[in-house]
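Protein chains: 2
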Amino acid sequence: MSAKHHQPMLCRWPSTIWDVARVAGVSVGTVSKALNGRGQLREETRSLVQSAAERLNFRPNNLAQCLLRKRSFTVGLISTDSHGRFSIPLLQGIEDALEAVGISVFLCTAADDLARERQHVSSLLAKRVDGIIVTGRRTDRRPPLDLGRSRVPLIYAFAQVADPTAACLLPDDLGGARLAGEHLARLGRTRIAHVTGPPRFEAVRQRQKGFRRALEKEAIAWRPDRVLTGNWSEAWGHEAVERLLRSRPTVDAIFCGSDQIARGIVDALRERGVRVPEDIAVVGFDNWEIIAAATRPPLTTIDMNLHELGRQAGCRMLRMINDGSTQSGVVRMPCRLVVRRSCGASFAGFAQAAAAAVPGRTAP
Amino acid sequence: MSAKHHQPMLCRWPSTIWDVARVAGVSVGTVSKALNGRGQLREETRSLVQSAAERLNFRPNNLAQCLLRKRSFTVGLISTDSHGRFSIPLLQGIEDALEAVGISVFLCTAADDLARERQHVSSLLAKRVDGIIVTGRRTDRRPPLDLGRSRVPLIYAFAQVADPTAACLLPDDLGGARLAGEHLARLGRTRIAHVTGPPRFEAVRQRQKGFRRALEKEAIAWRPDRVLTGNWSEAWGHEAVERLLRSRPTVDAIFCGSDQIARGIVDALRERGVRVPEDIAVVGFDNWEIIAAATRPPLTTIDMNLHELGRQAGCRMLRMINDGSTQSGVVRMPCRLVVRRSCGASFAGFAQAAAAAVPGRTAP
DNA sequence: TGCGCGGCAGAAAAGGTTTTCCGTTGCATC
DNA sequence: GATGCAACGGAAAACCTTTTCTGCCGCGCA
């Protein structure tokens, strides 16, 4: 037993495998085998080593392990989402997938600062991460991450990239919007408007397209002049209501590009004495609980399943790490309709109307 | 030049210092010195090595460096904040402080899952992080992080802990509430209510105390029956308005424990035809932009300076790492009043009233 | 010419772990 | 009693970088 360990309670330096070997009176190789269940050792030796390790509070130096294995069992997540609204659920999903196989996930933020992003990438590559996942605000396609000539697995999750060969996971905006359209149609709404964000977002265009398809499928007239694009704010929701009620007072439903817009719309409608959902039904997008649940009435909305998206990104990353496969291409993950009160799914009159409008379907 | 590098464009394995040495025709020691500006080398040799390194896309293996230096130049941030509302600004502040000195920060989330928290800690310790910062939702004091017998620097930032010897950074809730109270008092409000969250949160108690002190200092009667505690939701704001207007219809200002509560209150007041700020002024807490700026009128509120709090946590962590000092004790960081429209600071009548109420002070 | 010294680069150790390859011991079998 | 074998544990290499120590070479000075 070394002098260092006469008082092993609180050590300045963590104890090493050599310390354990000395205390247990065996060689370092034996310690390694005992602790990892390898090789053929007497049970006696094994427990001897184990108790020594425990006594010394030994924890293998991950740095040394990784150096040897040429892998760090770590995946980096680079985010440009400054609120965490989207990246935290994603991170948790990724952790769910990777923690199980002993890979840890670390988030670094690069809030739109390209220099910092480069620094993060450089740092992650130097740390020999097994892979990098990029996420961030979804305007239109971001420039691809500059990995130098390195060959680490790279996935874009909830982020679009201007590189068709990249692996990319996105929510199925089109399908999500279709869910919203179908839901409204089945509730008997026929004069439906769409109030959404800036059209330079691909998501905006996708959602509009999906919504249009749903209406056409349900034989509802698609009127381009019922589509209003603006920004993502509540204020825009207010303004849109003003415009809508002025120019087309016959609207009976509004599908919104985000929950924030939807909230602005619901508030503005209420102030004008328009009842939601009786007079106008509203569907949001995002299922941002803090907004959607606090709206009065609470918002029916589309959930992008970010947690599941993260899980899938983790799984895909795992395959890339293990196979060395490239897994390129865009995958769209399904969205989910979350029914609350803002379109009166349980409102008898509309339920009947829905049943009438869609033969073969019964009201819930 | 090794066979491995006949096609150096895309390497399965990152090149090592040996590869560079071989290509440059020097020894590994020389490469290290050339690249790090150490030792005495001819300028010629230095640039020879540098160009070789560049050609091979060489990036020193951080694992090996850390192994040697017995430090990882990494700090872990463990968060239990499942929305990221608080931890992302904090993370960015910490990054600001530490990135400058070459330390990277990684966030891992442990959304109230004690097992996962332990796993994260274990993983961070194995990776020999230089320090750990804990953050998370601020109910009352959380149990201290179990570090085993390890001795890594540990800081709680925006998280309270039931260990008086721990290093702990918190916003000055008391001072923040005092700012709110003083602001309202100076605007001439005298019958001020306080609607806040669950009293089991220490922050709730602190804010109440600070608010009380401000009123007493301004010679405004402190009425315990004007304090209403509930939960953190908008719905509670609505309910509180109902109660307030029923029992004490003479209230002329409300200080809220959070922006969500404030928003519920402002909405409810507007619906009842009570004008904000003319009839009742409202101050929130948190400066959660997405809520505060979207409220009508936009909320005057208290900002906890989380970014700065993070920066300070980073600096303090740096001191602990460098000195090996313990830095125990709670430090409170000042809050900041953000004036928007909800208490009419720029409303002439109240500005005059404020000037009258507080002699020696001029209206803005 | 010989000595010393400055300038420069290489050799080697250290850092902690895993794994492969060997060596030793004890036992059984012929 | 010699051979073989199984069981067990040790030695050493490998992972990659940094740093210290050492050695070589050429030049200046005595």
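From first to last, the protein sequence lines stand for chains A and B. Count along the first sequence from 1, add 6, and you get the number used in the working numbering. Count along the second sequence from 1, add 6, and you get the number used in the working numbering. Heads up, the beta-carbon is just placed ideally off N, CA and C, and yes, glycines get one too.
query                                                                                                                             : result
Bridge partners - residue 239 of chain A, DSSP secondary structure assignment                                                     : According to DSSP, residue 239 of chain A bridges with nothing at all.
Own chain partners of residue 334 of chain B with C-beta closer than 7 Å, once the 5 adjacent residues on each side are dropped   : 171, 172 and 173
Residue 87 of chain A beta carbon less than 8 Å from that of residue 36 of chain A                                                : no
Start-to-end residues for the beta strand (DSSP E) that takes in residue 259 of chain A                                           : 259 to 262
Residues near residue 78 of chain B by beta carbon distance below 7 Å, same chain, minus five either side                         : 72, 133, 134, 135 and 136
Coil, strand or helix - residue 124 of chain B by DSSP                                                                            : helix
Short Cβ contact (8 Å threshold) for residue 290 of chain B with residue 213 of chain B                                           : no
Euclidean distance between Cα positions of residue 126 of chain B and residue 152 of chain A                                      : 29 Å
Three-way DSSP call (helix, strand, coil) for residue 108 of chain A in this model                                                : coil
Short Cβ contact (8 Å threshold) for residue 217 of chain B with residue 164 of chain B                                           : no
Closer than 8 Å to chain A by CB, residue 101 of chain B                                                                          : yes
Buried or exposed (CB count within 10 angstroms, at least 16 for buried), residue 373 of chain A                                  : Past the boundaries of the shown model lies residue 373 of chain A; chain A is included only from 7 to 370, so the question cannot be answered.
Residues near residue 365 of chain A in its chain [Cβ-Cβ closer than 8 Å; skip 5 each side]                                       : Interpretation of residue 365 of chain A is limited by its pLDDT of 39, a score under 50 that renders its predicted location unreliable; the figure taken from the coordinates is listed afterwards. Cβ neighbours of residue 365 of chain A beyond the five flanking positions: none.
Spatial neighbours of residue 240 of chain B in its chain, beta-carbon cut-off 6 Å, leaving aside the 5 residues before and after : 266, 269 and 270
Extent of the continuous beta strand (DSSP E) to which residue 338 of chain A belongs                                             : 335 to 339
Chain A contacts made by the segment 117 to 149 of chain B, where a contact means CB separation under 9 Å                         : 117, 122, 125, 126, 128, 129, 130, 131, 132, 133 and 134
Chain B residues whose Cβ lies nearer than 8 Å to that of residue 51 of chain A                                                   : Residues of chain B passing the Cβ test: none, with the nearest at roughly 24 Å.
Per-residue contacts from residue 67 of chain A into chain B (C-beta, under 8 Å)                                                  : 73, 132 and 134
Residues bridged to residue 22 of chain A [DSSP beta-bridge criterion]                                                            : BP columns for residue 22 of chain A are empty, so no partner.
CA nearest to the CA of residue 227 of chain B, picked from B/187, B/236 and B/120                                                : B/187
Simplified DSSP assignment, three categories, for residue 148 of chain B                                                          : strand
Residue-level contact to chain A via CB, residue 89 of chain B, 8 Å cutoff                                                        : yes
Classification of residue 329 of chain A by the beta-carbon crowding that lies within 10 angstroms, buried from 16 upward         : exposed
Inter-residue spacing [alpha-carbon to alpha-carbon] between residue 14 of chain A and residue 305 of chain B                     : Residue confidence for residue 14 of chain A is low, a pLDDT of 41 falling below 50, so the modelled location carries little weight; the figure read from the coordinates is stated next. When rounded, the distance between both Cα atoms is 56 Å.
Per DSSP, the bridge partner or partners of residue 193 of chain B                                                                : Beta-bridge pairing links residue 193 of chain B to no other residue.
Cβ of residue 212 of chain B within 8 Å of any chain A Cβ                                                                         : no
Rounded C-alpha distance that separates residue 327 of chain B from residue 338 of chain B                                        : 21 Å
Limits of the unbroken beta strand (DSSP E) element including residue 330 of chain B                                              : Looking at the DSSP string, residue 330 of chain B is not in any beta strand (DSSP E), and its letter there is neither H nor E.
Where residue 81 of chain B falls, given that 16 or more other Cβ within 10 Å makes a residue buried                              : buried
Alpha-carbon to alpha-carbon, residue 223 of chain B and residue 210 of chain B                                                   : 20 Å
Nearest-angstrom Cα separation, counted from residue 310 of chain B out to residue 233 of chain B                                 : 22 Å
Contacts of residue 235 of chain B in chain A (Cβ-Cβ under 9 Å)                                                                   : What residue 235 of chain B touches in chain A: nothing, since even the nearest Cβ is about 19 Å away.
Cβ contact check for the segment 336 to 350 of chain A and the segment 175 to 186 of chain A: 3 or more pairs under 8 Å           : yes
Bounding residues of the beta strand (DSSP E) (the contiguous stretch that carries residue 163 of chain B)                        : 160 to 163
Exposure of residue 103 of chain A, with buried meaning 16 or more beta-carbon neighbours within 10 Å                             : buried
C-alpha gap between residue 248 of chain B and residue 345 of chain B, whole angstroms                                            : 26 Å
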